[in-house]
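Peer 1: Per this note's numbering, the sequence shown starts with residue 3, numbered consecutively.
From the three backbone atoms N, C-alpha and C, an ideal C-beta is built for every residue, glycine too.
Have a look at the structure that comes next, please.
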Amino acid sequence: MAKYLICGLAYFDDEYFELTSANEPEHVIQLGAAASRCLLILLEAKGQVVTKKDLLEGGWGQYGNVVSTNNVNQAIAHIRKCFAAFGIKADSVVTIPRIGYKTSDTFFMRGAKDDQPPAPVLPADPTWPVDAPPNEADKFPPSMAPDIAQPAVSRRQAGRTYAALVALAISSTIAAFMFAPDLQRNLFQKAPHASYVPVKTGEKIRHFIEEGFSDRTEFIAQKISMLEKNPPRLLPSKPDWNVYINGAHANNVFSYFLCRNAIENSDADCVSYVIIDEVDI
Numbered sequence: 003m004a005k006y007l008i009c010g011l012a013y014f015d016d017e018y019f020e021l022t023s024a025n026e027p028e029h030v031i032q033l034g035a036a037a038s039r040c041l042l043i044l045l046e047a048k049g050q051v052v053t054k055k056d057l058l059e060g061g062w063g064q065y066g067n068v069v070s071t072n073n074v075n076q077a078i079a080h081i082r083k084c085f086a087a088f089g090i091k092a093d094s095v096v097t098i099p100r101i102g103y104k105t106s107d108t109f110f111m112r113g114a115k116d117d118q119p120p121a122p123v124l125p126a127d128p129t130w131p132v133d134a135p136p137n138e139a140d141k142f143p144p145s146m147a148p149d150i151a152q153p154a155v156s157r158r159q160a161g162r163t164y165a166a167l168v169a170l171a172i173s174s175t176i177a178a179f180m181f182a183p184d185l186q187r188n189l190f191q192k193a194p195h196a197s198y199v200p201v202k203t204g205e206k207i208r209h210f211i212e213e214g215f216s217d218r219t220e221f222i223a224q225k226i227s228m229l230e231k232n233p234p235r236l237l238p239s240k241p242d243w244n245v246y247i248n249g250a251h252a253n254n255v256f257s258y259f260l261c262r263n264a265i266e267n268s269d270a271d272c273v274s275y276v277i278i279d280e281v282d283i
């Protein structure tokens, strides 16, 4: 169920990672998991500035992926694009240079449940005057006495069931307060933030290596050679890709970011490329 109504135009469901038009329920756009988590953090900040570091931890930290600030930039760009599809102004998410993002001063949202109609009110049980004499037709023979007494038993059973449900709700609430902090720490663990240094392989520097591997000459040469032997076939031929080489936990795994521009720029336009050398498996 949607949790937020954004600018009166779209419902945001953080469980299914989607936006739904408030006027046309059949108009649904998938945000994706990471972008949805970033949007939820911005909404819950209620106009306060959210740093890129916080968005990295909240959007990707629980998976332990190798990420950079470019991932945040692309997620925000995707959110703005989806907003525009529903008529929400793209500047509803404001960039704070070198710091992070926030929702604009004109941005507004509210809980989606506020728009739900109130529950219908059932009519009360009829009451009778205390001194009203019973009608002869209302008198039952003794053989029907057990049937008349049965509703009282049902009310007692309903009372016991209600008490059990209340006790269960209280127990669940106490358990949530006890375990929620640990759960939150597990979900929002610190996301690794990769830094890269240039590798001189020619006149123009176009290869970069993750900082922790910069002194491993043979490792770098192996990664560059593997990429040259197995270029990505689904990408357009572009000799001047910026190649960012990632470290790997296995010798047969080769991980890269291929970017048109510097990875720290908002217009980096990067793709992830992984090669698995089956010979070493």
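Taking the beta carbon of Asp269 as the centre, do at least 16 other beta carbons fall within 10 Å, making it buried, or is it exposed?
Peer 2: Exposed, since its Cβ has fewer than 16 Cβ neighbours within 10 Å.
Peer 1: Work out the CA separation of Ile172 and Tyr275 for me, nearest whole Å.
Peer 2: Their backbone Cα atoms lie some 50 Å apart in a straight line.
Peer 1: Alpha helix (DSSP H) containing Asn72: first to last residue?
Peer 2: Where Asn72 is concerned, the enclosing alpha helix (DSSP H) stretches over 71-87.
Peer 1: Find the nearest neighbour of Met111 within the set Cys9, Glu46, Thr219, judged by alpha-carbon distance.
Peer 2: Closest by alpha carbon: Cys9.
Peer 1: Considering only C-alpha positions, which residue in the set Arg235, Leu229, Leu170, Val95 is nearest to Phe109?
Peer 2: If we check each option's Cα against that of Phe109, Val95 comes out closest.
Peer 1: Given Pro128, which residues of its chain have a CB within under 8 Å of its CB, disregarding the five upstream and five downstream residues?
Peer 2: Any reading at Pro128 is ruled out, since the residue's pLDDT is 46, under 50, leaving its predicted position unreliable.
Peer 1: Near Asn75, which residues of its chain fall below 7 Å by C-beta distance, leaving aside the five closest residues on each side in sequence?
Peer 2: Contacts found: Ser268.
Peer 1: Quick check on DSSP: helix, strand or coil for Phe110?
Peer 2: Reduced to three states, the DSSP call for Phe110 is coil.
Peer 1: With a 10 Å radius around its C-beta and 16 neighbouring C-beta atoms as the bar for buried, classify Ser197 as buried or exposed.
Peer 2: By the neighbour-count rule (16 or more Cβ atoms within 10 Å), Ser197 is not buried but exposed.
Peer 1: Residues in the same chain with beta-carbon distance under 6 Å from His29, minus the five sequence neighbours each way, listed in chain order, please.
Peer 2: Closer than 6 Å at Cβ, skipping near neighbours: Ser23.
Peer 1: Tell me the start and end of each unbroken alpha helix (DSSP H) in the stretch 247-279 that is at least 4 residues and wholly inside, in chain order.
Peer 2: DSSP runs (the alpha helix (DSSP H)) wholly in the stretch 247-279: none.
Peer 1: Three-state secondary structure (DSSP) at Glu212?
Peer 2: Residue state, collapsed to three classes: strand.
Peer 1: Rounded to whole angstroms, how far is the Cβ of Gly102 from the Cβ of Val52, which I believe are closer than 8 Å?
Peer 2: Between Val52 and Gly102 the Cβ distance is about 5 Å, and since that is below 8 Å, they are a contact.
Peer 1: Looking at the unbroken alpha helix (DSSP H) that takes in Ile101, where does it start and where does it end?
Peer 2: Premise fails: Ile101 is in no alpha helix (DSSP H) and is neither H nor E.
Peer 1: Using the DSSP secondary-structure output, state which residues sit across from Glu46 in a beta bridge.
Peer 2: Paired residue(s): none; Glu46 is not in a bridge.
Peer 1: Need the endpoints of the beta strand (DSSP E) that Leu11 sits in, please.
Peer 2: Element bounds for Leu11: n/a, residue is neither H nor E.
Peer 1: For Ser198, list the residues DSSP reports as bridge partners.
Peer 2: In the sequence as presented, Ser is not what sits at residue 198; that position holds Tyr. According to DSSP, which records beta bridges pairwise, Tyr198 is partnered with Glu212.
Peer 1: Skipping 5 residues on each side, what residues in its chain have a beta carbon closer than 7 Å to that of Trp62?
Peer 2: If we look at Trp62 and ignore the five residues flanking it on each side, its Cβ neighbours are Ala36, Val69, Asn73, Ala193.
Peer 1: From the DSSP secondary-structure annotation, give me the bridge partner or partners of Asn244.
Peer 2: Paired residue(s): Cys261.
Peer 1: Which same chain residues, not among the five before or five after Cys40, have their C-beta less than 8 Å away from its C-beta?
Peer 2: These residues qualify, in order along the chain: Leu57, Gly60, Gly61, Val74, Ala77, Ile78, Ile81.
Peer 1: Tell me whether Tyr6 sits in a helix, a strand or coil according to DSSP, three-state version.
Peer 2: DSSP places Tyr6 in strand when its eight states are reduced to three.
Peer 1: In the structure shown, what three-state DSSP assignment does Leu21 receive?
Peer 2: Looking at Leu21 - three-state DSSP - the assignment turns out to be strand.
Peer 1: From which residue to which residue does the beta strand (DSSP E) around Ile90 run?
Peer 2: Unbroken run through Ile90: none, as it is neither H nor E.
Peer 1: State the Cα-Cα distance for the pair Pro27 and Leu33, rounded to the nearest angstrom.
Peer 2: Near 16 Å, if we compare the C-alpha coordinates of Leu33 and Pro27.
Peer 1: So, under 8 Å CB-CB, Lys225 and Ile207 are touching, yes? Tell me the CB distance rounded to an integer number of Å.
Peer 2: About 15 Å separates the two Cβ atoms, so there is no contact after all.
Peer 1: Quick check on this structure: which residue in Thr219, Leu260, Lys202 has the alpha carbon closest to the alpha carbon of Leu229?
Peer 2: Per the Cα distances, Leu260.
Peer 1: Name the residue from Lys83, Thr97, Asn232 whose alpha carbon lies nearest to the alpha carbon of Lys91.
Peer 2: The residue with the shortest Cα to Cα distance from Lys91 is Lys83.
Peer 1: Note down, in chain order, each residue of its chain lying with its Cβ closer than 8 Å to the Cβ of Ile278, except the 5 sequence neighbours on either side.
Peer 2: Around Ile278: Asn254, Val255, Phe256.
Peer 1: Give the single residue among Ala252, Val245, Ala264 whose Cα lies nearest to the Cα of Tyr258.
Peer 2: Minimum Cα distance to Tyr258 is reached at Val245.
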